[in-house]
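These notes are about the structure you will find just below.
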Amino acid sequence: MKLRRFRLGGAVAALLIACGSVGVATAEEDDRWWAPGEGRVFPATLDYPNEHGTLRVLLEGGPMETRGHPFFEPIGPYGRACVTCHQPADAMSLSAKSAQIQWERLGHKDPLFAPFDGSNCPDLPQEERESHSLLLDHGLIRIARPWPPRDFDGNPIKPDFDISVVRDPTGCNLSKEWGLPSPDPHISVYRRSRPVANFKYILAMGFNFDPKAGLPLPLDPETGEPASHNLMADGRVLSLASQMRDAASAHLGFLEELTPEDIDRIIDFEKRVFTAQQKNRFGGDVNAGGAEGGPLKLAESEPGRLGSQGIPVWSEFDAWANSDDPDISPEERAWRESVARGARNFRERMFLISDSAGITTPIGFGNPVRDRCAFCHNMSQMGMDVAPGQVDLGTTNLPFADPQPHLPLFKITCKAEPHPHYGREIYTYDPGYALTTGRCADVGRITLQSLRGLSARAPYFSNGSAKTLREVIEFYDRRYNIGYTEQEIEDLVNLMEAL
Amino acid sequence: MQGRFWRFVAAAVLVNVAVAAPAEQQIKPVVEQVGEEVRFITCPIYRDTDAGRKSGCWLGDRRETGTRFDITGSPTKPDWNHAVLVEGRVVEGDTQQCGGVLLEPVRVSVLHDQNCTRHMLPAEGFTGRRFSLPTRNIRPLYEPRELPKPPYQEKSFDIPFDFGRDYIVYQLSDYYIDKAVKYAIDIDASRVEITGYAATTPTTVSGQTLREPAELALRRAEVAREWLRRMGYPLDRVKIRAQTKAKVSDMEGADGLTEPSRRRVTLRVIP
Amino acid sequence: MQGVVVRALLTVMVVTMALAMPAYARDWWGAGEGRVFPAVADFPNEHGTLRVLLQDGPLDTRGHPFFEPLGPHGRACVTCHQPADAMSLSLASIRQQWQTAGARDPLFAPIDGANCPDLPHGERDSHSLLLDHGLFRIARPWPPRDHAGKAIKPDFDVDVIHDPTGCNLSPRWGLPSDDPHVSVYRRPRPVANLKYVLAMGFAIDGKRGLPLPLDPDTGKPVSGNLMADSRVLTLKAQMHDAARSHLGFFERLTPAQIERINDFEMRVFTAQQQNRLGDSLDAGGAEGGPAKLADSEPGRLGSQGIGVWSEFAPWERADDSSVTPERRALRESIARGARSFRERTFLIADSRGVNSPMGFGNPMRDRCALCHNMSQMGMDVAPGQVDLGTTTQPFADQQPHLPLFRITCKGEPHPHYGRVIHTHDPGYALTTGRCADVGRITLQSLRGLAARAPYFVNGTASTLREVVEYYDRRYSIGYTEQEIEDLVNLMSAL
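Here the protein sequences line up with chains A, B and C, keeping their order. Convert by adding 1 to the 1-based position in the first sequence; the result is the number in my numbering. Convert by adding 46 to the 1-based position in the second sequence; the result is the number in my numbering. Convert by adding 11 to the 1-based position in the third sequence; the result is the number in my numbering.
Here it is as C-alpha cells:
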C-alpha cells in the first residue's frame, strides 16, 4: 500500500516535470532543435532537460564552430544534415517527441520528413500526416536494404532464404518503384536512429573474435583492419567512414561521395561527443554522493573493457547503495538507493534465456542458459556487448515480438538448414542482421545498443516498440518469464533513467 | 547470537531435508564402469539449478542402460529442442550438483535435425555448478601478451570440432586456433598448411548410423583459412587440403576422448 | 523465522518417525482361506486406518470364485486384491509374503510374478520388479488386438532399446516369439468402489472426439475407465482376461462365477477411515471414509456439483475445541490440501489427453481437479487416458530396471514427442495401436491410497510425497513445502 502511494506520487511528479519541460521547450524550441545549417557554436557542455532530469552533451577539446561543418550543414537535395536525425537534445539520436514537435511547427516541409525515408514510403502523398505515421508515432526511419543482400565489398550474396511480404501497411515493399517487385529490389524496414555519441566505446574491440560467428572480427574492406562490428542495427557497414557514405546516400540523398576531408571532420566531431544523463528528476547530479554517472566519466574511461573481468557494469552507482547523504530529500535518497539496486540487479539477477540466436546458438552456452542482463550488456560504462552484439531478443520476430500492425510483416523460408529455434519458416517485422549476411540463422538478430542517454531518446528497441523505459523492462519480463517484482521493475527503470 | 545459532541449525536441517531425496536416488551408473568411455544419442533435460550465471544443469539419459549422466561440463551445452550426441568418460564425482553420473571430459554435439520435447526439471535440492571461466579462453586485446622468441620451430596445432559442424567452439576450439594463428603471425611463418578432417567412416550410436559428410573436411579447413585471413596472415602462404575417413588422433583438445579426436583441423606452421 | 525452524524440525521428526515406525504386520488374505468377509473391516496403516465396507452385510468366501484358487498357480483374485491394501496390493505386503512364504507363495507365480517366466524361479533377482517396485508383468499381444480380438494394424513400430528383464527379447515370451508379446510392468489396480469406475457421466470421450466405446458383448457404451490401458471394457471381460493371464485359468469362467464375482465387487467400498492421529475422517463435519462413498451417486462432475474433496471443507476452520491442537492442525492441512487440489493452478504442457487432441491449448493453466474431476473419487468422469509422462521420456523418472522401447510413428508424428518416442510403457497405445496414444494411462481412483504404496502405474513414486514431487517436477509447479505437506495429508486421508 505504501509502495503504491509512493509510485503514484512519483507519477504525479513525473507528469509535473513533463509539463514543465514542455513549457521550457516551447520557450526554447529554436534552441532545442538543431536545424541544418544554423551555424551555431557547439559548446563544450550542453544541457537539455527531459522528463527524467537533464541530459548533458560534452564536446571533448572544447567548443566547435558548426558553420560549414559537414555534420551540421545540409547535404543533398532534401536539405537535411546529419544533425537532423542526431539531435543533441535527444542524446544525439532522435526522439519521437522531437519529430512530433517538428511536424507541429513545419509539417512535411521540415527536411526531417523527406519522402525518401522520413515517410512510410516515398510514393505516398507527402503532405498528409498518415504518410509519416511511422516516424511520428514510433520514431521510425525507413531503411531500404538491397535484395539480395550485398557483402561488405558490394558483391551480391546468395541468401539461404526466400523472403515474401505477408502484409505491408506502408505499401513500400510491394511498390513497383521502391519494393521487391521494382527493377532494383529493396526491402524496406523501419528503425530508430542510433545515437551518434560515445563512439570510442562503439568502435572499441575487446577481443579480435566474434564468438557468435566463431571467427575473428570482420575486416573493413577499405582499411583491411578488423572492425568492432557494433555499428548499425544490422551491422551493414563496418566503419564510421562507410556509415557516413551509406547515410549520406540513403538518408540525405547525397549521391556524390563525401570528400575525405568531410569524412575526417565528421569523424573528428563524432569521436569528441559524449553524452549521458547528468541530473536526475530531483535536480541532483548523478555523479554526486560518491556515484560516477554522467558523461564526464564516460569521456575519461577506457572503452571496450569487459565488466565481468574489470569494472563491473553500472558499478558507477554502487556508492548509492546506502545513501546516507543528509543534504538530499528522503525521496531523492530513496531514488538513489533504487538506482543502486537496479545496477546490482542488472549484474546479478538471473533469469532463463531461451531461443535467442546469438546467445543460445551457435555458441554452446546451452538453450536455455541462466544469466543476467550484464551477460550481453557487458561493457563497462556502456552496457553494450564487447563482442559484436547481434542478438535476437525477439523484438522483431514472431512469436516473441509485440504486435506491430503498423509495420510490414515478412515471411522467411530457410532453404538450407532450418533456423535452430524457429524452424524453416520465420515471420518477422525486420530480418535485421540477415539482411546483411543473407543467412536465415541471422533473422531478427539486431546489434545491441549503447545504453547511455536513454532518458532523452524514447521510444526504445530498434523498431521503437517500447514507448517507455518501463515497457523495455516489461518486454524482457514477458520474453523470458523473468517474474520481476514491482520493486525490481522500478529499480531497473530508475537505473536506466540515470544512464 | 542465539538467533544466529538457530538460523544455522535451520539451514542445516533444511539442507538435510532437501538433499534427502537426491541421496536416496543413489546416483551411480547402472551398468557403466568408472573410466569407461560412453557415446550415445539422447534428448537433453535441463535442470534449473541456480548458483549464479550459467549454473543450470544438463542431464542426458543413456537409453541403452538407463543411466542418467551429468553432461553439464561440455564446452557446447545442449539445446532443449534438439537431440544431442554425448561423448564422455565416466568418473566418480559430485553427483549432488546436478543429479547425474558425472562425465568428465564430455563433449556434446547438438543434432539440429532431430527434435526433442523440451523438458525442464526444477532444482529439487541440487546445487548446480557455480560458473568459473574455462581455462581455455581467449584473452582480451587490451591485455599484454608474450611473443614467441627465436629460434622459431615448426609447430602443429589441432583444432577440435563438434560432430557435424564447422563452428569454432567457444572457449575450446577458439583457444587453440587463436594460438595457432597468432603463432603464424608472430613468427611471420613462411607457410601454413591446413588439413581439415571429417569423420566420414560410419559408426553406430544408439541405433543410429552417424557419419560426417565428406565436404565438411574442406569446410573446416576453410574456416581455419578465414581465421588466418581475418587476423592478417597472407593467404598466398596458405595451403589447404581436406582429409576424409579421419583417424583417431592424440589432439589435446579432445581430452583423450576417442571419437572427438577424429574431428579436427590441423595447422602446420612452418617458420 | 522461528516458525520456519519449528516447521523444519517437525518435518524432520515426522520423516524420522515414519522411518523408525515398524512396518505394520499385514493381514494377508490367502487364496481359499474360507474366511467370512465382514460388513466392516478396519486395517491399520502408517497413515491411520483403512476401512473396507461390504454393502448388504458379511459374505462367506468359502467356494467364492473371487477367493478360491483358480488355475494351476494356486492364485485367487484376492491374492492381488487384498482388503488390507485397499483391494490392491502394497509393496509392503509383497515383501512380507516373500519373507514368510518365499517364492512358493502363489503371488510369485512365474507367469507374471517374475520379471520373466524363463528366469530361475525362486531367486530374488527373478522377482525384483515385484519385490522392489510392486510390479506385475503384463504381456500384451503385438500387433494389438481390438476389443473383438481382431488384429489391429498399428501406425508405429516398436523396438526394444534395452530390457533388463530379458522378457521382451525372449524367443519364447518376447517380440521374437511365435506369439509376439510386449511385456510391460504395472501395479495392480484396486477392486473397490467400482460403481464409480464404471459410471458414465457423459456419452462422449472428449479425448478421442467420439462417443464412448461399445462393449462388444452387449453393444452398450461403457465408461472406458477400467485398466491402465483400457484393454478391456467391462468387468466381465476383465475377469476373463485376468483369470487367463494372471491365474493361468484357461477354462472360461462360468456365468454363475462371473455373477458372483461381479456381485462382490460391486458391493465393496474402501477408503481411509482414520488419520494418523486416530481422528475419524468423518468427524467434525467432514465426510471422509467409505460410508459416504457407498452412499453417494457415482460419475458426477465435481465442477458442476459437489466439489472434489469438498468432504473436508468443514475442516478449513477447525475450531472444534474438543480436538487437540495437533489434530486440529492436521484437519486444517487436509482441508487446505483439498482446496489446493481444486484451486491451485499450474501450467500443463505436452500431455496427450489434456493438451491434445482437445483444444484446451498447449500449454493450459488448470488444477489437479481438471482431470481428477469426479466427486468423491477424483477419477476422470470421461475416459481418463492421459499421458502424464510417468512412463515416457523425457518426463519419466529414471527407471533403469524397466524395459525401454523405441516407438517410431509411421503415419502422423506424435503431436508432442514427434516421430520417435522412448517409453517404458506405451500404455493405451498397446490397446489402440496408435502412436498418438503412447504413454497414455487411465487415471485411477484416489481412494485408499494410504494402504497401497507405491504409486503411479509403474510404481515410480514410493510415497505420496513422491507423487506430489513428480507433478511438481513435471509441470514446474513450484509447490511450497506447506503445499506439498497439505496435499500429502489430503491424499493420506482419502
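Ideal Cβ positions, reconstructed from N, Cα and C, are used throughout, including at glycine. Owing to the predicted nature of the structure, the values given are computational and were not obtained by experimental measurement.
| With C-beta atoms as the reference, is C/Leu186 less than 9 Å away from C/Val169? | yes
| query | Between the segment 104-117 of chain B and the segment 140-149 of chain B, do three or more beta carbon pairs fall short of 8 Å? | reply | yes
| query | Would you report the Cα separation of B/Pro194 and A/Asp152, rounded to the nearest angstrom? | reply | 36 Å
| field | Cα-Cα separation, A/Ala457 to A/Asn51 | value | 6 Å
| said: Only counting the same chain, and skipping five residues up and downstream in sequence, which positions put a Cβ closer than 8 Å to that of A/Arg168? | reply: Pro409 and Leu410
| task | Count the other C-beta atoms from every protein chain shown that fall within 10 angstroms of the C-beta of C/Pro336, then say buried if there are 16 or more, exposed otherwise. | result | exposed
| task | Could you round the C-beta distance between B/Lys293 and B/Arg308 to whole angstroms and report it? I think they count as a contact, below 8 Å. | result | 7 Å
| message | Quick check on the DSSP output: the alpha helix (DSSP H) that includes A/Arg440 runs from which residue to which? | response | Counting along the chain, A/Arg440 falls outside any alpha helix (DSSP H), and DSSP gives it neither H nor E.
| query | For the 8 Å Cβ check, are there 3 or more pairs between the segment 163-181 of chain A and the segment 200-220 of chain A? | reply | no
| task | Out of A/Glu293, A/Asn281, A/Asn346 and A/Met351, point me to the one whose CA is closest to A/Ser330's CA. | result | A/Asn281
| said: Pop quiz: A/Pro89 and A/Pro37 are said to be a contact at Cβ under 8 Å. What is the actual Cβ separation, rounded to whole angstroms? | reply: Rounded, the Cβ-Cβ distance is 14 Å, inconsistent with contact.
| Collapsed DSSP secondary structure at C/Phe54 in the structure displayed | strand
| To the nearest angstrom, how far is it from the Cα of B/Ile87 to the Cα of B/Ser155? | 9 Å
| task | Can you tell me which of A/Ile474, A/His422, A/Ser357 and A/Gly285 puts its alpha carbon nearest to the alpha carbon of B/Asn127? | result | A/His422
| request: Hey, could you find the ends of the beta strand (DSSP E) B/Glu150 is sitting in? | output: Val147 to Asn161
| task | Check each residue of the segment 152-168 of chain B: if its Cβ is closer than 9 Å to any Cβ of chain C, include it; give the result in chain order. | result | Gln160, Asn161, Cys162, Thr163, Arg164, His165, Met166, Leu167 and Pro168
| request: Measure from the C-beta of C/Leu415 to each C-beta in chain B and report whether the shortest distance is under 9 Å. | output: yes
| field | Short CB-CB distance (under 9 Å) between B/Glu272 and chain A | value | yes
| Which listed residue (B/Ser178, B/Glu138 and B/Val311) has its alpha carbon closest to that of B/Ala270 | B/Val311
| query | Are A/Pro150 and A/Pro160 touching if we call contact CB-CB under 9 Å? | reply | yes
| task | Could you check if A/Glu498 is buried or exposed, using at least 16 other CB atoms within 10 Å of its CB as the buried criterion? | result | buried
| request: Tell whether a beta-carbon distance below 9 Å holds between C/Arg198 and C/Tyr466. | output: yes
| Which residues in chain A sit within 8 Å of B/Gly102, going by Cβ to Cβ distance? | Leu353, Gly367, Pro369, Val370 and Arg371
| My guess is that A/Met206 and A/Pro222 are in contact by the Cβ rule of under 8 Å, so how many angstroms apart are they, rounded? | At roughly 17 Å, the Cβ-Cβ gap does not stay under 8 Å, so A/Met206 and A/Pro222 are not in contact.
| message | Going by C-alpha to C-alpha distance, which of A/Arg479, A/Pro304 and A/Ala97 sits closest to B/Tyr188? | response | A/Pro304
| Got a sec: which bits of the segment 103-133 of chain B sit with their beta carbon under 8 Å from any beta carbon on chain A, in order along the chain? | Trp104, Ser120, Pro121, Thr122, Lys123, Pro124, Asp125, Trp126, Asn127 and His128
| request: Output yes if chain A places a C-beta closer than 9 Å to the C-beta of B/Val215; else output no. | output: yes
| request: Within the segment 73-154 of chain B, note down every full alpha helix (DSSP H) run reaching 4 residues or more, in order along the chain. | output: none
| task | With DSSP as the reference, please indicate the residues paired to A/Asp263 in a beta bridge. | result | None; A/Asp263 has no bridge partner.
| Does the pairing of the segment 399-406 of chain A with the segment 427-436 of chain A give three or more beta-carbon distances under 8 Å? | yes
| Among C/Cys127, C/Asp398 and C/Ile269, which residue has its Cα nearest to the Cα of C/Leu81? | C/Ile269
| Taking the alpha-carbon positions, what's the B/Gln160 to C/Gly444 distance? | 24 Å
| Using a beta-carbon distance cut-off of less than 7 Å, what residues from the segment 426-438 of chain C approach chain B? | His427, Tyr428, Gly429 and His433
| query | Comparing the C-beta of B/Pro248 with each C-beta of chain A, is any distance below 9 Å? | reply | no
| field | the segment 315-324 of chain C contacting the segment 470-482 of chain C, beta-carbon criterion three pairs below 8 Å | value | no
| task | Below 6 Å CB to CB, which residues in the same chain sit around B/Ser120 once its five sequence neighbours on both sides are set aside? | result | Val152, Arg153 and Val154
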